[in-house]
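Protein chains in written order, with the working numbering: chain A, 1062 to 1355; chain B, -3 to 150.
In what follows, a single structure is set out as structure tokens and then discussed.
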């Protein structure tokens, strides 16, 4: 096995072009498990941890550009105010040791339907910035996941960053697992309300071959909030709206039975998480107004 | 492969760079303090500092540790006396079989560096990645509280 240790991003892209099958490794929290258990023996490992610029985030126009090497710990420490949904999801990843190494881009690279970062990235309309020696490609997050543990990256591409707008309204994340720490999701749900555009982002993990948006649920809720003037009035939600939202989220799922849970359980759990997170987010939205007026 | 371990430069030959830092530490450098259990980042018994950050050594490729600074449980104590965290684990009876202890010591050491007087929820959160199957967590929580007190009195 070859172990490549590029010192610069250009060197990394050149190495990936030369060795399209090279397996990128950053935090190693997925890759090393595979290697330790002999599940994979890549011919070439491409270590990206020496490229300092990857570990930074910065404002990029109206969005935030999160470098591919930014760890969950760093995201929680630096961006919890601007990306609350993603920060909540990041807090549920593994343990402190795992969050110190694991990266959002690693979640994208692995593209497991159970990756915790996916629902908030979908709810936020994130964009994946992929680089190769051929150039730069911006892949909308909804087009990024192509199958179970498969993504839209070309063989010679590496993830440089994720672009995501800072929150313009309340965000929530919920995850079902067997305990609080060190747990892979049975199913997870992310919600982002966008009062500025009158839209809603709602997405789930571990309940379909890929992480997925619940498009009908998003459209239903956005239309309901607009039609009833609630974006402005911030009046309490109609319980029927909450129930219908939960049902539509569950309808969008196509889960399977596996060792972590049954399809029926996942579908039911999703409807519950969707209802709860909506109520939490709306409560947050209503409180903000009270504070503003005071 | 070259790196610094517990303040001393280490150079080892014939490392397969895809092997874990944990394997390199235990089998090639003669530092068996960090324990090998799950090899998937679940148990925390291999916790070491990598450039000052606690990580699972089983999930760091040996090649990634090149030129980095590693501190293992063997590096916590002074020459002749135990670190207050280690002493507190002994005093509190927080060590039974001892397998999880090295990882817990490093995780506790890191917690008290960041937060010298942690609350119970902070302790639980900081140790969430370290599994113990026999001592029981109550004694371990006692040890962390005692270590915090001992460090404050130093």
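Idealized CB from N, CA, C, for every residue including glycine.
{"Query": "Near-chain B residues of the stretch 1132 to 1161 of chain A (beta-carbon distance less than 7 Å), N- to C-terminal order", "Result": "1155, 1156, 1157, 1158, 1159, 1161"}
{"Query": "Backbone CA spacing between residue 18 (chain B) and residue 1185 (chain A) [nearest angstrom]", "Result": "38 Å"}
{"Query": "Residue 1352 (chain A) in three-state terms, based on DSSP", "Result": "Low per-residue confidence applies at residue 1352 (chain A): pLDDT is 48, beneath 50, and the placement is therefore not dependable, though the value from the model is reported in the following sentence. Helix."}
{"Query": "Nearest candidate by alpha-carbon position, reference residue 1095 (chain A), set B:27, B:26, B:29, B:36", "Result": "B:36"}
{"Query": "Near-chain B residues of the stretch 1319 to 1349 of chain A - C-beta to any C-beta below 7 Å", "Result": "none"}
{"Query": "Against chain B: residues of the stretch 1094 to 1107 of chain A by CB proximity under 9 Å", "Result": "1094, 1096, 1097, 1098, 1102, 1103, 1106"}
{"Query": "Contacting residues, own chain, Cβ-Cβ under 6 Å from residue 1198 (chain A) (five flanking each side not counted)", "Result": "1191"}
{"Query": "Three-state class that DSSP yields for residue 1233 (chain A) in the structure shown", "Result": "strand"}
{"Query": "Any beta strand (DSSP E) of 3 or more consecutive residues that is wholly inside the stretch 1113 to 1186 of chain A", "Result": "1118 to 1121, 1124 to 1128"}
{"Query": "Exposed unless 16 or more other CB atoms sit within 10 angstroms - verdict on residue 1209 (chain A)", "Result": "exposed"}
{"Query": "Continuous alpha helix (DSSP H) stretch holding residue 102 (chain B): start and end", "Result": "97 to 110"}
{"Query": "Cut-off 6 Å between Cβ atoms - residues of its own chain near residue 1318 (chain A), not counting five sequence neighbours on either side", "Result": "1324"}
{"Query": "Close-in-space but distant-in-sequence residues of the same chain around residue 1245 (chain A) (CB under 6 Å, 5 per side omitted)", "Result": "1175"}
{"Query": "Rounded separation between residue 1117 (chain A) and residue 1152 (chain A) - CA only", "Result": "19 Å"}
{"Query": "Distance CB(residue 139 (chain B))-CB(residue 1157 (chain A)) smaller than 8 Å", "Result": "no"}
{"Query": "Within-8 Å CB hit, residue 23 (chain B) to chain A", "Result": "no"}
{"Query": "Exposure of residue 60 (chain B), with buried meaning 16 or more beta-carbon neighbours within 10 Å", "Result": "buried"}
{"Query": "Neighbour flag for residue 66 (chain B) against chain A, beta carbons, 8 Å", "Result": "no"}
{"Query": "Through-space distance from residue 48 (chain B) to residue 4 (chain B), alpha-carbon basis", "Result": "15 Å"}
{"Query": "Any 3 or more C-beta pairs closer than 8 Å across the stretch 1096 to 1107 of chain A and the stretch 1125 to 1139 of chain A", "Result": "no"}
{"Query": "Option nearest residue 1315 (chain A) by Cα separation, candidates A:1254, A:1076, A:1264", "Result": "A:1264"}
{"Query": "Buried/exposed call for residue 1320 (chain A), threshold 16 Cβ in 10 Å", "Result": "exposed"}
{"Query": "C-beta neighbour in chain A for residue 146 (chain B), strict 8 Å", "Result": "no"}
{"Query": "Within-8 Å CB hit, residue 109 (chain B) to chain A", "Result": "no"}
{"Query": "Pairwise C-alpha distance: residue 102 (chain B) and residue 50 (chain B)", "Result": "7 Å"}
{"Query": "C-beta neighbour in chain B for residue 1089 (chain A), strict 8 Å", "Result": "yes"}
{"Query": "Residue from A:1162, A:1200, A:1291 with nearest C-alpha to residue 1218 (chain A)", "Result": "A:1200"}
{"Query": "Boundaries of the alpha helix (DSSP H) in which residue 1074 (chain A) is found, first to last residue", "Result": "1070 to 1079"}
{"Query": "C-alpha gap between residue 1238 (chain A) and residue 74 (chain B), whole angstroms", "Result": "41 Å"}
{"Query": "Residue burial classification, residue 1279 (chain A) (beta-carbon count within 10 angstroms, cutoff 16)", "Result": "buried"}
{"Query": "Buried or exposed (CB count within 10 angstroms, at least 16 for buried), residue 1267 (chain A)", "Result": "buried"}
{"Query": "Sequence-distant residues of the same chain with beta carbon closer than 8 Å to residue 1303 (chain A), five excluded per side", "Result": "1336, 1339, 1340"}
{"Query": "Contact set for residue 1168 (chain A): own chain, Cβ-Cβ below 6 Å, skip 5 residues either direction", "Result": "1176, 1178"}
{"Query": "Residue 1236 (chain A) versus residue 1251 (chain A) - alpha carbon distance", "Result": "9 Å"}
{"Query": "Residue 69 (chain B) versus B:142, B:2, B:16, residue with shortest Cα-Cα distance", "Result": "B:2"}
{"Query": "Residue span of the alpha helix (DSSP H) that contains residue 138 (chain B), given as start and end", "Result": "133 to 149"}
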